[in-house]
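Residue numbers (my numbering), protein chains in the order written: chain A, 1446 to 1756; chain B, 1446 to 1756; chain C, 25 to 279; chain D, 25 to 279. In this text, a Cβ means the ideal position worked out from N, Cα and C, and glycines have one as well.
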Amino acid sequence: MNNKDKNIKKINMEVDIGGIRFKNPVTTASGTFGSGMEYSDYVDLSSLGAVTTKGVSTNPWPGNPTPRVAETYGGMLNAIGLQNPGIDVFLQRDLPFLKSYDTKIIVNVVGKTAEEYCEVVERLSESEVDMLEINISCPNVKEGGIAFGQDPIRVEAITSQVRKYSKKPIIIKLSPNVTDIGEIARAAEAGGADAISLINTLTGMKIDIERRDFLLANKIGGLSGPAIKPIAVRMVYQAACAVKIPIIGMGGIMNGEDALEFIMAGATMVAVGTANFINPRATKEVMDGIEAYMVRNNIGDIKELIGCVGK
Amino acid sequence: MNNKDKNIKKINMEVDIGGIRFKNPVTTASGTFGSGMEYSDYVDLSSLGAVTTKGVSTNPWPGNPTPRVAETYGGMLNAIGLQNPGIDVFLQRDLPFLKSYDTKIIVNVVGKTAEEYCEVVERLSESEVDMLEINISCPNVKEGGIAFGQDPIRVEAITSQVRKYSKKPIIIKLSPNVTDIGEIARAAEAGGADAISLINTLTGMKIDIERRDFLLANKIGGLSGPAIKPIAVRMVYQAACAVKIPIIGMGGIMNGEDALEFIMAGATMVAVGTANFINPRATKEVMDGIEAYMVRNNIGDIKELIGCVGK
Amino acid sequence: MSLADKIRLKIRQQDRLEDGVYDLWIEAKDMAATAGPGQFISLYCNDGGRLLPRPISICEIDKKEGLIRLVYRVIGKGTDEISRFRSGDYIECMGPLGNGFSLEDKKALIIGGGIGIPPLLELAKQLKCEKDIVLGYRDLTFLDKDFESYGNVYLSTEDGSVGTKGNVIDAIIEHGLTADIIYACGPTPMLRGVKEYAKSIGATAQLSLEERMACGIGACLACVCQSKDLDHHTNVNNKRICKEGPVFYADDIIL
Amino acid sequence: MSLADKIRLKIRQQDRLEDGVYDLWIEAKDMAATAGPGQFISLYCNDGGRLLPRPISICEIDKKEGLIRLVYRVIGKGTDEISRFRSGDYIECMGPLGNGFSLEDKKALIIGGGIGIPPLLELAKQLKCEKDIVLGYRDLTFLDKDFESYGNVYLSTEDGSVGTKGNVIDAIIEHGLTADIIYACGPTPMLRGVKEYAKSIGATAQLSLEERMACGIGACLACVCQSKDLDHHTNVNNKRICKEGPVFYADDIIL
Ligand SMILES: Cc1cc2nc3c(=O)[nH]c(=O)nc-3n(C[C@H](O)[C@H](O)[C@H](O)COP(=O)(O)OP(=O)(O)OC[C@H]3O[C@@H](n4cnc5c(N)ncnc54)[C@H](O)[C@@H]3O)c2cc1C
Ligand SMILES: Cc1cc2nc3c(=O)[nH]c(=O)nc-3n(C[C@H](O)[C@H](O)[C@H](O)COP(=O)(O)OP(=O)(O)OC[C@H]3O[C@@H](n4cnc5c(N)ncnc54)[C@H](O)[C@@H]3O)c2cc1C
Ligand SMILES: Cc1cc2nc3c(=O)[nH]c(=O)nc-3n(C[C@H](O)[C@H](O)[C@H](O)COP(=O)(O)O)c2cc1C
Ligand SMILES: Cc1cc2nc3c(=O)[nH]c(=O)nc-3n(C[C@H](O)[C@H](O)[C@H](O)COP(=O)(O)O)c2cc1C
Ligand code: FES
Ligand code: FES
């Protein structure tokens, strides 16, 4: 094959997870993209591999008091507390909006109890969403969230419970605030997860030294942004070594090069989070960056890069 | 008391840990300051609360292959692998050097086995060092290090073992790569630690996407620098809530304001690490920054600030 | 609606108004064409350590020259960095954002406190009706001269060095000012006082609020304030300051 | 010994030599006074996202004007940032660091490969003895003219576009060059070749090495290379490139 042939060869960015085909490996990180509406002015949602929504619960949640965010060096803390309008509004308003685009829809699911998770999962299963991402890793709520995500036994239990109620493929979203991410990943796999996503935010704190008080009303918040990327890449790598199910990697991805680190570490898809706040077209830049790398390095299929590190 | 009196009031920066009095709460983070020699051109070591040395083992350790460091966003990864000349050289060369300054000496202790830790502790106990910091949290060595630091039962066991061999106060240095830092802190306290220090580095990874290989020869490394500060402050706060023994806080401290976050979160002392690489006078700037804050806010004694957050 | 894109814009001029308060003119033709009083702009730092936007209200709009004026106080490292920019430098901006004030043709009282004063200047300029302007400061005044051509200006200072000693409400009472509508921006305690005062004189009030932000465009739910009624978008009693605000009718929100 | 302090220095001039290679003159009176060939300077980025130093070798020293010249290739985001500095801007620097070459009064061969060429210019200038200079490039050459007044210059390019087709060793063999001492800087495979060649002709060789650094002053042990004998300082078979190096006698190290 000569160089000319190489260059005109079509690049394949398609990936499969849980039997769903995504046109490219880039989605949004839950909670950083709303349900896509606000960013649809900046990015053609149909160009994305998938839109992953903010966490959805049975009833509307008001979230935490403000301040809810704090800037940190190379990152940010958030303690939104999973404010969301509830599943009814999601199904009536957000889902039809998302369905008007040619992209896959991943809905992030939250609950205070296992029953609440199951209820949301069951109702979404009847809808036109493509996949469900079970958030057992939010550090900013008193009940639910991270409480389910730090103990392998509970991870396996909640996974197999929601699995029963779901007709859609299930992604379990893992917390990085654990000693052994491989063990947690295996628990999710054992519970029947179709995929895992990681990392959710790392628990952090900022103190306002002038007021001598916590900066966030919630005291603690979740750390995200480029600051955490090395931890996220390490955990994706360790999880990829531990399980066979596909991985959606995230944590500090700002551009295509960052995304490629995750893919090479073993992620089949990547999610762009905090970067959206800094650059509303970040998702597009990530997609373009991956593609440019593939062209430059003559990679015909993104699958050649998944987990290729050190091989 | 009028304003004039307030301003001339002497500021007290002294703190006590394990019966040792430090002239101020600022020390160096192990491994970032050598044994002080290289930085003695930049900072008067006698002005520091203490110098904490690089990890010392029974025999010389060659450390890991290179590359040993990688830059990350707002931080760095290191996988030095505890290269050190061994305790003989430490006692013959570094200790006399340090004793020529009017500062306290904290020696960081590493070993591949519990016996090795105990041997170093026993020998240092006979020397003129002031305190020992037991590093059970280094992520960059195959044996020893972090392996001891992620399980509360092992933490308590190693603590009580080294305790027996030590005539000096013992600091246990904790790993942040755990699910529940409070539990680990309590284990160290139960084992007889006089103090705890945290955080050591967070395990991270960087991938060189051009070579499609790990950037560090060791694959993984420890993340340090301002990027990790919010995690470190949170863990210091949680540890302070969990134990009564004093805490030495570190992780991303670049200036006095950063140090004050740790102190307000509950740290009695703070250690300056990666910042030394970026500014060889960082320790001095941290001390000056704390003092300036105290003057500005009319704080007579640093102890008023320790753990004052939210009170 | 034209898109509030994130772009690099050229700085025309930057001056210091008083200690720590800066006056920045940005060449922003497209923004100037669509922006209204009370809207804000997200400014971004060059230093990669600081990622989140600094929201700053629009102080003046020069449509003819295609300029936007921002007046802000240095309170942290971000505003400090921005204050060092010089004419000819470029700054990353996104805007205009938020709703801005609704101009009503009723006897108006414009009340600004401290660094809440700047967004009221363009408002004072555009409001063609009868109006009184009350500006409250701690001690040193700024921008007050700029308001004089648009209405009667009353000042208050905490230390009494200029105008009424006390706060804006003290000045209003001293001068017996009334209105059918109040537009206000300033610290929350002041806004609470304004809300109460508006109620006592039966006036409506539009208040411009502040909260820490991340996205600035309504996606992250960082910047909410509590609303009296269920909000249409969020389906809870929360409104997004960056999107439904930063200006709210006093009756709609809980301060 | 004068202290290699970290200071902000003014840029006198910066030019592009060829695609991606920049030529930077810094006003550094104190450094110029003490620096020697083969020493390096740690450059720091302004962007707070990038904290570690960029070590760059000293290319030329102008003691009279108090200037230091650095020639470097843009390979990542840090050097890219630095390449955008203009005359009059300030840059944070620490140096001179490291040992530098030991000038020996013997028939010399100076061998540079690619971006390893710049540190050899000041050396060529200061070495007063008989010398040949061999410079190897991939394709485009740079700095070669600057060497011409200091010795016979031989070039090699991988594509053969200039000089010998091949690498520096090919050029040396083609021209039958010999020496009592070799000074070399370049990529590790080239240095391995030079070490072997030196051995074959019975010459000593000083090689300038590279490694990723953090502190730049010998404290962190990031930048080690393997040494044949137990190192005096580290008490293991490791030498610190930033402190005992970057220049080592070929026999002392394992490449
Ligand atoms: C809608 C709106 C309009 C504003 N208009 C003006 C104006 O016209 N002039 C002016 O001087 N100030 C204005 N502010 C406040 C201004 O945004 C903050 O003073 C500024 O962001 C502080 O940045 P910093 O980096 O100096 O402080 P830091 O404390 O270092 O900032 C850290 C983070 O906290 C955020 N932050 C800190 N204080 C505030 C605050 N009061 N409000 C919102 N975010 C904050 C910063 O944006 C940044 O993300 C406005 C705020 C809002 C929400
Ligand atoms: C003693 C010494 C002298 C040098 N002299 C020169 C010179 O005269 N001209 C020149 O063009 N280059 C020189 N280099 C290499 C130069 O330091 C790197 O090319 C540069 O640091 C890359 O920075 P970056 O931000 O563009 O790349 P990035 O890859 O983004 O840098 C990330 C980190 O890795 C480090 N790094 C990356 N590559 C290297 C490397 N090859 N060596 C050491 N650190 C590296 C950077 O310093 C930074 O900390 C020298 C290196 C050393 C150790
Ligand atoms: C403001 C904000 C809100 C978030 N909300 C959610 C959420 O509702 N559900 C969830 O699973 N993760 C949530 N996350 C976590 C992100 O999806 C992502 O896991 C994390 O931010 C790391 O990626 P990043 O560094 O690219 O942002 C939120 C993060 C941020 C910053
Ligand atoms: C280059 C390097 C070497 C280190 N070596 C040691 C060590 O020998 N023993 C130890 O307990 N910690 C070691 N650490 C961890 C630091 O002491 C500190 O806990 C950590 O870097 C966090 O602080 P910082 O962000 O201020 O650097 C090392 C850190 C770095 C960056
Ligand atoms: S700042 Fe994100 S919703 Fe307002
Ligand atoms: S860079 Fe720290 S020892 Fe050389």
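Under 8 Å from the C-beta of residue i: neighbouring residues of chain C
i: A/Val-1534; result: Asn-259
i: D/Gly-72; result: Asp-71, Gly-72, Gly-73 and Arg-74
Of the residues the options, the one placed nearest residue i, counting alpha carbons only
i: A/Arg-1656; options: B/Asn-1523, B/Ser-1480, B/Phe-1535 and B/Glu-1702; result: B/Glu-1702
i: D/Glu-116; options: D/Asp-255, D/Ile-205, D/Ile-35 and D/His-257; result: D/Ile-35
i: B/Pro-1597; options: B/Glu-1571, B/Val-1586 and B/Arg-1631; result: B/Arg-1631
i: C/Glu-275; options: C/Met-118, C/Ala-148, C/Arg-93 and C/Ala-227; result: Here the sequence assigns Asp to residue 275 of chain C, which means Glu is not the residue at that position. Measuring from the Cα of C/Asp-275, the nearest candidate turns out to be C/Ala-227.
i: D/Ile-99; options: D/Ser-107, D/Ser-180 and D/Gly-242; result: D/Ser-107
i: B/Lys-1549; options: B/Arg-1538, B/Tyr-1738 and B/Ser-1480; result: B/Ser-1480
i: A/Met-1459; options: A/Gly-1556, A/Ile-1747, A/Pro-1530 and A/Cys-1753; result: For clarity, residue 1459 of chain A is Glu in the given sequence; the question names Met instead. Ranking A/Gly-1556, A/Ile-1747, A/Pro-1530 and A/Cys-1753 by Cα distance to A/Glu-1459 puts A/Ile-1747 first.
i: C/Lys-223; options: C/Ile-205, C/Gln-250 and C/Gln-37; result: C/Ile-205
i: A/Val-1565; options: A/Gln-1595, A/Ile-1525, A/Thr-1648 and A/Lys-1609; result: A/Lys-1609
i: A/Leu-1750; options: B/Ala-1684, B/Asp-1653 and B/Val-1717; result: B/Asp-1653
i: A/Asp-1461; options: A/Ile-1579, A/Ile-1692, A/Ala-1737 and A/Lys-1756; result: A/Ile-1692
i: C/Ala-229; options: C/Leu-201, C/Ala-246, C/Gly-269 and C/Tyr-273; result: C/Tyr-273
i: A/Ala-1638; options: A/Gln-1606, A/Met-1650, A/Glu-1516 and A/Ile-1723; result: A/Gln-1606
i: A/Leu-1647; options: A/Pro-1512, A/Ile-1591, A/Lys-1613 and A/Ala-1662; result: A/Ile-1591
i: B/Phe-1467; options: B/Pro-1621, B/Phe-1542, B/Met-1482 and B/Val-1496; result: B/Val-1496
i: C/Gly-60; options: C/Arg-264, C/Gly-119 and C/Gln-37; result: C/Gly-119
Partner residues on chain B for residue i, Cβ-Cβ distance less than 8 Å
i: A/Cys-1753; result: Arg-1657
Interface residues of chain B facing residue i [CB-CB closer than 9 Å]
i: D/Gly-242; result: Gly-1479, Met-1482 and Glu-1483
Heavy atom of ligand 4 within 7 Å of residue i beta-carbon
i: B/Asn-1580; result: yes
i: B/Gly-1500; result: yes
Any non-hydrogen atom of ligand 6 within 7 Å of residue i CB
i: C/Gly-269; result: no
Contacts that residue i makes with chain A (C-beta to C-beta distance below 7 Å)
i: B/Gly-1627; result: Ordered by position in chain A, no residue passes the 7 Å Cβ test against B/Gly-1627, which lies about 12 Å from the chain.
i: B/Gln-1606; result: Near B/Gln-1606 there are no residues of chain A at all, since even the closest Cβ is about 22 Å away, more than 7 Å.
Residues that residue i contacts on chain A, provided the C-beta gap is smaller than 8 Å
i: C/Leu-75; result: Glu-1516, Gly-1519, Gly-1520, Met-1521, Gly-1670, Pro-1671, Thr-1719, Phe-1722 and Ile-1723
i: C/Asn-262; result: Pro-1507, Gly-1508 and Gln-1528
i: B/Gly-1697; result: Tyr-1518
Check: residue i C-beta below 7 Å from any heavy atom of ligand 5
i: C/Cys-83; result: no
Partners in chain B for residue i, counting only beta-carbon separations shorter than 7 Å
i: A/Pro-1675; result: Thr-1517, Leu-1522, Gly-1649, Met-1650, Lys-1651 and Leu-1668
i: D/Ala-203; result: By Cβ distance, chain B contributes nothing, its closest Cβ being about 30 Å from D/Ala-203, past 7 Å.
i: A/Glu-1702; result: Ile-1654
Check: residue i C-beta below 7 Å from any heavy atom of ligand 7
i: A/Ile-1652; result: Looking for ligand 7 in the displayed structure turns up nothing; the ligands present are ligand 1, ligand 2, ligand 3, ligand 4, ligand 5 and ligand 6.
Any non-hydrogen atom of ligand 2 within 7 Å of residue i CB
i: D/Ile-139; result: yes
i: D/Met-237; result: yes
i: D/Arg-40; result: no
i: A/Val-1678; result: no
Chain C contact residues for residue i, given Cβ-Cβ distances below 9 Å
i: A/Arg-1513; result: Glu-235, Arg-236, Ala-238, Cys-244, Leu-245, Ala-246, Cys-247 and Val-248
Chain C contact residues for residue i, given Cβ-Cβ distances below 7 Å
i: A/Gly-1531; result: Asn-259
Any non-hydrogen atom of ligand 3 within 7 Å of residue i CB
i: B/Met-1482; result: no
i: A/Asn-1622; result: no
Neighbour flag for residue i against chain G, beta carbons, 8 Å
i: B/Arg-1679; result: Note that chain G does not occur in the displayed structure, where the protein chains are A, B, C and D.
Which runs of the alpha helix (DSSP H), 4 residues or longer, sit entirely within the stretch 72 to 146 of chain C?
-> 101 to 107
What runs of the beta strand (DSSP E), each 3 residues or longer, lie entirely inside the stretch 1528 to 1609 of chain B?
-> 1549 to 1554 and 1576 to 1580
Alpha helix (DSSP H) runs wholly inside the stretch 178 to 232 of chain C, at least 4 long, in chain order = 192 to 199 and 212 to 225
Which ranges does the beta strand (DSSP E) cover as unbroken runs of at least 3 residues, wholly within the stretch 1613 to 1642 of chain A, from first to last along the chain?
-> 1615 to 1618
Write down every uninterrupted run of the alpha helix (DSSP H) in the stretch 1663 to 1708 of chain A whose length is 4 residues or greater and which is fully enclosed by it, in chain order.
-> 1674 to 1687
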